[in-house]
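See structure below.
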Amino acid sequence: MTASQSASQGATPGQTGKLGKPKLAFRPLPVPQVDVRGFWGDRVDAVATRTAGILYDRCVKARMLEQIDPDRPSPGVVIPFHSPSPDEAATAGNEFTGSTVTTQMFWDSDWGKTIETAAYSLYRRRNDELEKKIDAVIDMYGRLQQPDGYLSSWYQRIQPGLRWTNLRDCHELYCAGHLIEGAVAYYQATGKRKLLDIMCRYADHIGETFGPEPGKKKGYCGHEEIELALVKLARATGEQKYMDLAKYFIDQRGQQPHYFDEEARARGADPKAYHFKTYEYSQSHQPVREQDKVVGHAVRAMYLYSGMADIATEYGDDTLRAPLDRLWDDLTTKNLYITGGLGPSSHNEGFTADYDLPNETAYAETCASVGLVFWASRMLGMGPNARYADMMERALYNGSISGLSLDGSLFFYENPLESRGKHNRWKWHRCPCCPPNIGRMVASIGSYFYGLSDDALAVHLYGNSTARFDIAGRRIELTQASNYPWSGTVSIGVEPEAPTEFSLHLRLPGWCRNAALKVNGEAVDLHAVTSDGYAAIRREWRKGDQVEFDLEMAIDRLYANPQVRQDIGRVALARGPLIYCVEETDNAGQLHRIALPPTAEIEAHQQPNLLGGVVTLSAVARKEAFEDWDNGLYRTEPPAVEEAKITAVPYFAWDNRDPGEMLVWIRSAG
Numbered sequence: 001m002t003a004s005q006s007a008s009q010g011a012t013p014g015q016t017g018k019l020g021k022p023k024l025a026f027r028p029l030p031v032p033q034v035d036v037r038g039f040w041g042d043r044v045d046a047v048a049t050r051t052a053g054i055l056y057d058r059c060v061k062a063r064m065l066e067q068i069d070p071d072r073p074s075p076g077v078v079i080p081f082h083s084p085s086p087d088e089a090a091t092a093g094n095e096f097t098g099s100t101v102t103t104q105m106f107w108d109s110d111w112g113k114t115i116e117t118a119a120y121s122l123y124r125r126r127n128d129e130l131e132k133k134i135d136a137v138i139d140m141y142g143r144l145q146q147p148d149g150y151l152s153s154w155y156q157r158i159q160p161g162l163r164w165t166n167l168r169d170c171h172e173l174y175c176a177g178h179l180i181e182g183a184v185a186y187y188q189a190t191g192k193r194k195l196l197d198i199m200c201r202y203a204d205h206i207g208e209t210f211g212p213e214p215g216k217k218k219g220y221c222g223h224e225e226i227e228l229a230l231v232k233l234a235r236a237t238g239e240q241k242y243m244d245l246a247k248y249f250i251d252q253r254g255q256q257p258h259y260f261d262e263e264a265r266a267r268g269a270d271p272k273a274y275h276f277k278t279y280e281y282s283q284s285h286q287p288v289r290e291q292d293k294v295v296g297h298a299v300r301a302m303y304l305y306s307g308m309a310d311i312a313t314e315y316g317d318d319t320l321r322a323p324l325d326r327l328w329d330d331l332t333t334k335n336l337y338i339t340g341g342l343g344p345s346s347h348n349e350g351f352t353a354d355y356d357l358p359n360e361t362a363y364a365e366t367c368a369s370v371g372l373v374f375w376a377s378r379m380l381g382m383g384p385n386a387r388y389a390d391m392m393e394r395a396l397y398n399g400s401i402s403g404l405s406l407d408g409s410l411f412f413y414e415n416p417l418e419s420r421g422k423h424n425r426w427k428w429h430r431c432p433c434c435p436p437n438i439g440r441m442v443a444s445i446g447s448y449f450y451g452l453s454d455d456a457l458a459v460h461l462y463g464n465s466t467a468r469f470d471i472a473g474r475r476i477e478l479t480q481a482s483n484y485p486w487s488g489t490v491s492i493g494v495e496p497e498a499p500t501e502f503s504l505h506l507r508l509p510g511w512c513r514n515a516a517l518k519v520n521g522e523a524v525d526l527h528a529v530t531s532d533g534y535a536a537i538r539r540e541w542r543k544g545d546q547v548e549f550d551l552e553m554a555i556d557r558l559y560a561n562p563q564v565r566q567d568i569g570r571v572a573l574a575r576g577p578l579i580y581c582v583e584e585t586d587n588a589g590q591l592h593r594i595a596l597p598p599t600a601e602i603e604a605h606q607q608p609n610l611l612g613g614v615v616t617l618s619a620v621a622r623k624e625a626f627e628d629w630d631n632g633l634y635r636t637e638p639p640a641v642e643e644a645k646i647t648a649v650p651y652f653a654w655d656n657r658d659p660g661e662m663l664v665w666i667r668s669a670g
């Protein structure tokens, strides 16, 4: 039985034993059940052919293998015993040269994400050499695991004897979570269950250590992630106990007496001697059901909300749905970049104040936008709703994949919306969380396209793909043909092995002002069948049925809320799901002098030979001239204004050519 098959069988949530599927819940299709082509196929191929191997090689070059290999002497220099600040993260670690190694407490997580990326890449494209290398890493973890199931290279190799003493700072459960996700992926993609068995033993140990029962620790991780992983493990194995443990970690967070205070005192530390001074940093300042404000470290927040959404879906828990909607509104109406980036500050890698969205200094960590994709996709587990799918699409096409070069070899950690030309992609980072995070997300993109319930399939994303799934015990194949995101024309073929009645939910994107839907050539009244931004077609589907969906891709000028002081008097350009930017390589220099008149006509151009094939936008703008300016800084006469033709490219593709300036928000001339 495959992991995807076992996930749909067993008892209902709340019972012990095997896991059942909650009624009306929509679960993502496992990666092996979706083939992607076209836009996303190109990106998956780049990850499979380049990124996956690069991740492994650069982990080895950073000497991460030395931390997990029990046959080698314990390596390294210990970093400070708290969550490293961004400045420390930038200076810690090994820069591929020299003999001194600074180990990292979170390296297990980087291996977990690297394994996950490799797993889905191996499913996409056979690579015996890479598979052999990953198998060797898994073997090391198997030898490292202790008899009671415990597994942490940091606490076994660097600080033995201190396990489970500092959940607040030291990423134990976070690392476990990423290794669990890597194990599930490797099992689904290759059928090999060695790492899955290793991580099940570790998850069992965690369940024996933490929980509401007498004698167990009442803790949870300072860096959320274990919650998402346990849900995946429960679905892959069918074991309810893993789902219940995920729920415990969600329910326990922020409860009083505060666990982080208690564990600090237990290890002889002052609870107030906390680097970030507030538990808002880890979203543990309140029980999750009382939270209504996105605060703290952005990646941690996205992971927490993702876990909450999973548990709300699995348990039908409206007491979690209510705070999730409050938090969603707070993020999307006050604290989100137009690209789907989030977390403006480098100080806490997270949130500051409402409407504080600086462009040039935007931190907008790649992992945070990836985390938003996770959260949005999990909100869709509670039913198709375009408010979540639209945001998932915005983050996918803009703020997340901007973190990966088109050829899959270079990365961004921060994703600003403005650059003077000094922000460029790098080969690696001393805190290398983002490369494998964007790698695993792209490699598994097929699982974000569709959601399956007992008698319905939701199409969340459009693009060339084929999905295989079962409804009412019958195998169904659905194939999309589209040049999305460059074109809004989508053709969907439905091929059930026998006539099958089910609902097909098709997202009507919020950016689309005009759409037309046909089934087997007959027009469908969209107004009559659309709810929460999805058109629902219920019928008995037969072989050869065809759905035609035409989504108008108009070019939009977008404006920010006037409370965003950095964007007053500025305009951004969008077409379909894509946000655009201007780069120096297309528009000479000094982009701050460009101003776009509100009446300027903006045209779209197919550019098959540019940046892997994109649609660019062009317009005639205005530009202040400086040729007639004397040597002084100021004068009483304004500068002369001249016409300047501008070209904008999709934001995700910037800094893939010559380094130079970049600008998303353009001044509006009028």
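If you're matching positions, the sequence shown starts at 1 in full-length UniProt numbering and goes up one per residue. Ideal placement from N, C-alpha and C gives every residue a C-beta, glycine not left out. Keep in mind that this is a model prediction, so the values were computed, not measured.
Sequence-distant residues of the same chain with beta carbon closer than 7 Å to Cys434, five excluded per side: Here residue 434 refers to the residue found at position 434 when the sequence shown is read from its first residue. Cβ within range, chain order: Glu365, Thr366, Cys367, Gly403, Phe411, Tyr413.
Of the residues Tyr303, Arg513, Leu179, Ala595, the one placed nearest Ala619, counting alpha carbons only: For the purposes of this step, residue 619 is taken as the residue at position 619 of the sequence shown. It is Ala595 whose Cα lies nearest to the Cα of Ala619.
Following a CB-centred definition, is Phe449 positioned closer than 7 Å to any heavy atom of the ligand MG? With respect to small molecules bound, the structure shown includes none, and the ligand MG cannot be examined in it.
Local conformation of Phe502 per DSSP, three classes: Along the sequence shown, one-based indexing puts residue 502 at 502. In the displayed model, Phe502 falls within a strand according to three-state DSSP.
Quick one, are the C-beta atoms of Ala312 and Leu324 less than 8 Å apart? To locate residue 312, count along the sequence shown from 1; it is residue 312. To locate residue 324, count along the sequence shown from 1; it is residue 324. Remark: C-beta atoms of Ala312 and Leu324 approach each other more closely than 8 Å.
DSSP on Val295, reduced to helix/strand/coil? Here residue 295 corresponds to residue number 295 of the sequence shown, with the count starting at 1. The three-state reading of DSSP puts Val295 in coil, since its state is none of H, G, I, E or B.
Excluding sequence positions up to five away, which residues of its chain have a Cβ less than 8 Å from the Cβ of Glu290? Counted from its first residue, the sequence shown places residue 290 at position 290. Gly254, Pro323, listed in sequence order.
Reducing DSSP to helix, strand and coil, say where Asp356 ends up. As a first step, residue 356 must be located in the sequence shown, where it is residue number 356. Asp356 falls in the coil class under three-state DSSP.
In terms of DSSP beta bridges, what is Lys192 paired with? In the sequence shown, the residue the question calls residue 192 occupies position 192. DSSP lists no partner for Lys192.
For Phe96, I'd like the list of residues in its chain whose CB is within less than 6 Å of its CB, leaving aside the five on either flank, ordered along the chain. By one-based count along the sequence shown, residue 96 stands at place 96. Unreliable positioning characterises Phe96 in this predicted model, as indicated by a pLDDT of 30, which lies under 50. The coordinate reading is nonetheless provided below. Closer than 6 Å at Cβ, skipping near neighbours: Lys61.
The beta strand (DSSP E) spanning Leu331 covers which residue range? Within the sequence shown, the letter at position 331 stands for residue 331. Following the DSSP letters along the chain, one finds Leu331 in no beta strand (DSSP E) but inside the alpha helix (DSSP H) bounded by residues 318-334.
Euclidean distance between Cα positions of Gly98 and Arg430: For the purposes of this step, residue 98 is identified with residue 98 of the sequence shown, where counting begins at 1. For the purposes of this step, residue 430 is identified with residue 430 of the sequence shown, where counting begins at 1. For Gly98, the predicted model reports a pLDDT of 31, less than 50, meaning its position is unreliable; a value from the coordinates is still stated below. The alpha-carbon atoms of Gly98 and Arg430 are separated by roughly 14 Å.
When the Cα of Ala389 is compared with those of Arg43, Ser400, Leu372, which residue comes out closest? For the purposes of this step, residue 389 is taken as residue 389 along the sequence shown, with counting starting at 1. Of the candidates Arg43, Ser400, Leu372, the residue whose Cα lies closest to the Cα of Ala389 is Leu372.
Of the residues Thr339, Ser153, Ala574, Pro358, the one placed nearest Asp69, counting alpha carbons only: Residue numbering aside, residue 69 sits at position 69 when the sequence shown is read from its first letter. Taking only the C-alpha atoms, the option nearest Asp69 is Ser153.
Residue span of the alpha helix (DSSP H) that contains Ile438, given as start and end: Here residue 438 refers to the residue found at position 438 when the sequence shown is read from its first residue. Looking at the DSSP string, the run of the alpha helix (DSSP H) that includes Ile438 is 434-443.
Quick one, which of Glu116, Asp57, Ala588 has its alpha-carbon nearest Gly177's? The residue given as residue 177 occupies position 177 in the sequence shown. The closest CA to that of Gly177, considering only Glu116, Asp57, Ala588, is found on Glu116.
Please state whether DSSP places Gln240 in a helix, a strand or coil. As a first step, residue 240 is located in the sequence shown; it is residue number 240 there, counting from the start. Three-state result, Gln240: helix.
Please work out which residues of its chain come closer than 7 Å, Cβ to Cβ, to Asp407, disregarding the five sequence neighbours upstream and downstream, and give them in chain order. Here residue 407 refers to the residue found at position 407 when the sequence shown is read from its first residue. Counting only Cβ-Cβ distances below 7 Å, and skipping sequence neighbours, we find Ala46, Arg50.
Label His347 either buried or exposed according to how many other C-beta atoms from any shown protein chain fall within 10 Å of its C-beta, with 16 as the threshold for buried. As a working note, residue 347 is residue 347 in the sequence shown. Looking at its Cβ environment, which holds fewer than 16 other Cβ atoms inside 10 Å, His347 is exposed.
Three-state secondary structure (DSSP) at Gln33? Against the sequence shown, residue 33 aligns to sequence position 33. Helix.
Cβ neighbours of Ile579 in the same chain (closer than 7 Å, five flanking residues each side left out): Counted from its first residue, the sequence shown places residue 579 at position 579. Excluding positions up to five away in sequence, the list reads Ile338, Thr339, Asn398, Ala572, Tyr651, Val664.
Do you know offhand how far Leu478's Cα is from Phe26's? Locating residue 478 in the sequence shown gives position 478, counting from the first residue. Locating residue 26 in the sequence shown gives position 26, counting from the first residue. The alpha-carbon atoms of Leu478 and Phe26 are separated by roughly 17 Å.
Would you list the residues sitting across from Ser282 in a DSSP beta bridge? Residue numbering aside, residue 282 sits at position 282 when the sequence shown is read from its first letter. Its beta-bridge partners do not exist; DSSP assigns none.
Hey, quick one: how far does the alpha helix (DSSP H) through Val60 stretch, first residue to last? Here residue 60 is taken as the residue at index 60 of the sequence shown, counted from 1. Looking at the DSSP string, the run of the alpha helix (DSSP H) that includes Val60 is 52-61.
Excluding the five sequence neighbours on either side, which residues of its own chain have a C-beta within less than 8 Å of the C-beta of Thr647, listed in chain order? The residue labelled residue 647 in the question sits at position 647 within the sequence shown. In chain order, Val582, Asp586, Asn587, Thr616, Leu617, Ser618 place their CB closer than 8 Å to the CB of Thr647, counting only its own chain and leaving out the 5 sequence neighbours on each side.
According to DSSP, is Arg253 part of a helix, a strand, or is it coil? Numbered from its first residue, the sequence shown carries residue 253 at position 253. Coil, per DSSP.
I need the straight-line Cα distance from Asp655 to Ser409, nearest angstrom please. Reading the sequence shown from its first residue, position 655 is the one you call residue 655. Reading the sequence shown from its first residue, position 409 is the one you call residue 409. CA-CA distance, Asp655 to Ser409, rounds to 13 Å.
Counting beta carbon pairs with one atom in the region 507-523 and one in the region 540-556, are three or more of them shorter than 8 Å? Touching, per the Cβ criterion.
Return the CA-CA distance between Arg542 and Pro496, expressed in angstroms with no decimal places. Residue 542 sits at position 542 when you count from the first residue of the sequence shown. Residue 496 sits at position 496 when you count from the first residue of the sequence shown. Their backbone Cα atoms lie some 6 Å apart in a straight line.
Would you mind listing the alpha helix (DSSP H) stretches within the region 383-435 that are 4+ residues and don't spill past its ends, in chain order? 386-394, all fully within the region 383-435.
In chain order, what residues of the same chain lie with their CB nearer than 6 Å to the CB of Lys293, ignoring the 5 residues before and after it? Taking the first residue of the sequence shown as 1, we reach residue 293 at position 293. Excluding positions up to five away in sequence, the list reads Asp330.
Beta-carbon separation (whole angstroms), Ser482 vs Pro28, contact threshold 8 Å: Taking the first residue of the sequence shown as position 1, residue 482 is located at position 482. Taking the first residue of the sequence shown as position 1, residue 28 is located at position 28. About 20 Å separates the beta carbon of Ser482 from that of Pro28, a gap too long to meet the 8 Å contact definition.
Within 10 angstroms of the Cβ of Val641, are there 16 or more other Cβ atoms? Answer buried if so, exposed if not. Within the sequence shown, residue 641 is the residue found at index 641, counting from 1. Label assigned to Val641: exposed.
Indicate whether Ser447 and Pro22 have their beta-carbon atoms separated by less than 8 Å. By 1-based counting over the sequence shown, the position of residue 447 is 447. By 1-based counting over the sequence shown, the position of residue 22 is 22. Not a contact, by the Cβ cut-off of 8 Å.
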